[in-house]
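A short worksheet on the structure shown next.
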Amino acid sequence: MSHPNPGIVRAMRILQRVFQDYCGNLAVRLWNDETLCFNDAPQSATLVFDRARPLRDMILFRDPLRLAEAYFSGMVDVEGDIYEVLKLKDHLCSFSLSAREKTVFAVAALLLRDRAKAGDDDRVGYRRPWYSALLKRNGKEHNREAISYHYDVSNEFYGLWLDRQMVYSCAYFERPDQDLDQAQCNKLDLICRKLRLRPGERLLDIGCGWGALVLWAARHYGVHAHGVTLSRNQFEFGQRMIREQGLEHLVTLELKDYRDLAGEAGFDKIASVGMFEHVGLKNLPLYFRTVRRLLKPDGLFLNHGITHEEDGWEKCLTTQFINRYVFPDGELDRVSSIQGLMEESCFEILHVEALRPHYALTLRHWVKRLEERREEALRHTSESVYRVWRLYMAACAQAFEEGSLGVYQILAGPKGSHNWPEKME
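Following this line, the structure appears as structure tokens:
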């Protein structure tokens, strides 16, 4: 089929070669509405190029991050199953061209040109976070800015896709078809039972989010619960929930960095759920020493956090994506390294549980709920923020399903303490 526009002809030839060995069920639609399918199976998703530039960049650089940024900025769109489009990541990084093909394709790609349009560089209000590289230092002020960047989008935005209690961490599914609200209740109760909470005990939740755990522990276990967060939005929401549930006598919150908590041995039990990913690898020894200082000699500490399959946090596609667009201060390590650091801080590891499949399912619930309420989401935030979160959570779901990311609950106590095992009923 011939086209009067030579740019379209070049684009189609390039795409046919790029997707020659692609096994997914993905269609590509160009800016003139020409659609290409690469196999006979039903297409579950369509990658839409509104402009020539992102296609040119995809060919010249084969960098999935450039394609992601084009999606955030509105020059590329995704219709249908976003998980299908995410399979492109590995394909773009692995497909090979001969030297002659590279030359021919580079020339053809360079010849792809767009007519100038208003807003080409800001089609949906997207701006890359300018300070993301600075936040890698993980100082107190930088951590505060990073937490604000991630969590202070708006409580209403998070409320559209989180469960009723606003739990922003891995749920615990007793069966795959269980609903998200019940699965998050399961998780909160699992933590309380692992910590063997008893009425009258003092519980500290480091990075308490919107307050779900401290509220649950006080209401169902009768403990005096204290939570700290760096997010003002979360703090104000949690304060309101405390008043509405009449738990002022049992629950307190502080807008405070965990490093600024004073005193020694002031808490019977300490939990940290989905927070230590923000600490920074170089600060983990201080983090665990601080927990050890605040915990009573016979207390218990539960650390719930994400890990990955590589030692340290070296530069790669995954780490760049997370730090550039979502968690400016996020750093992960192997679970074995985390346990080693805990032991160096005089903790004894009592119990370890992997929750990787649970987080994959949690994320799929979040993505589905966000997609279903897109129009409402856009009343609380920008199109670009919606796109960042949609792509980020879907990519994380795939990473957990593939095993490149993990999540573990590690229960520990001070070395030499008398924490006898108990059956969790």
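For the sequence shown, the positions run 1270 to 1694 when the working numbering is used. Ideal placement from N, C-alpha and C gives every residue a C-beta, glycine not left out. All figures in this text were calculated on a predicted structure; none of them were measured in a lab.
DSSP lists H1573 and E1622 as the bridge partner or partners of Q1678.
Judged by pairs of C-beta atoms under 8 Å, the segment 1315-1333 does not touch the segment 1625-1644, as fewer than three such pairs exist.
For V1621, the closest alpha carbon among the candidates H1649, I1607 and S1614 is that of I1607. Distances from the CA of H1687 to each of C1362, C1292, G1568 and M1544 were compared; the closest alpha carbon is that of G1568. Within the same chain, Cβ atoms closer than 6 Å to the Cβ of K1358 are found at P1333, the five residues on either side in sequence being excluded. By the Cβ neighbour-count rule, Q1453 is buried, with 16 or more other Cβ atoms within 10 Å of its own.
Look at L1473 here: in three-state DSSP terms it is strand. In terms of CA proximity to M1611, R1561 leads the group L1647, R1561 and K1356. The beta carbon of R1558 sits closer than 7 Å to those of S1614, all from its chain and outside the five residues before and after it, given in chain order. In the three-state scheme derived from DSSP, where H, G and I count as helix and E and B as strand, H1634 is classed as helix. L1295 is not a Cβ neighbour of E1338, given a cutoff of 7 Å.
Burial state of E1443 is exposed, judged by a 10 Å Cβ sphere holding fewer than 16 other Cβ atoms.
Going by C-alpha positions, H1649 is about 14 Å away from V1657.
DSSP places I1539 in the uninterrupted beta strand (DSSP E) bounded by F1536 to V1542.
Rounded to whole angstroms, A1681 and N1424 show a C-alpha spacing of 33 Å. Rounded to the nearest whole angstrom, the CA to CA distance from Y1655 to Y1661 is 10 Å. It is roughly 10 Å from the alpha-carbon of I1283 to the alpha-carbon of Q1289. Beta bridge pairing from DSSP links F1318 with V1345. Note on geometry: alpha-carbon atoms of I1511 and H1489 lie some 14 Å from one another. E1612 carries a helical assignment under DSSP once its states are collapsed to helix, strand and coil. Each residue's CA atom was taken as its position, placing F1506 and W1479 some 6 Å apart. Counting every other CB atom within 10 Å of its CB across the protein chains shown gives D1432 a total of 16 or more, marking it as buried.
With a beta-carbon spacing of about 7 Å, K1456 and V1436 fall inside the 8 Å limit used to define contacts. A distance of 7 Å or more separates the beta carbons of R1603 and D1537. The Cβ atoms of S1673 and G1543 lie no closer than 7 Å to each other. A distance below 7 Å separates the beta carbons of V1497 and Y1527.
Taken atom to atom, the span from the alpha-carbon of V1422 to that of Q1503 is near 11 Å. Annotation: E1303 is outside any alpha helix (DSSP H) and is labelled neither H nor E by DSSP. In the DSSP assignment, T1588 falls outside any beta strand (DSSP E) and within the unbroken alpha helix (DSSP H) covering L1586 to F1590.
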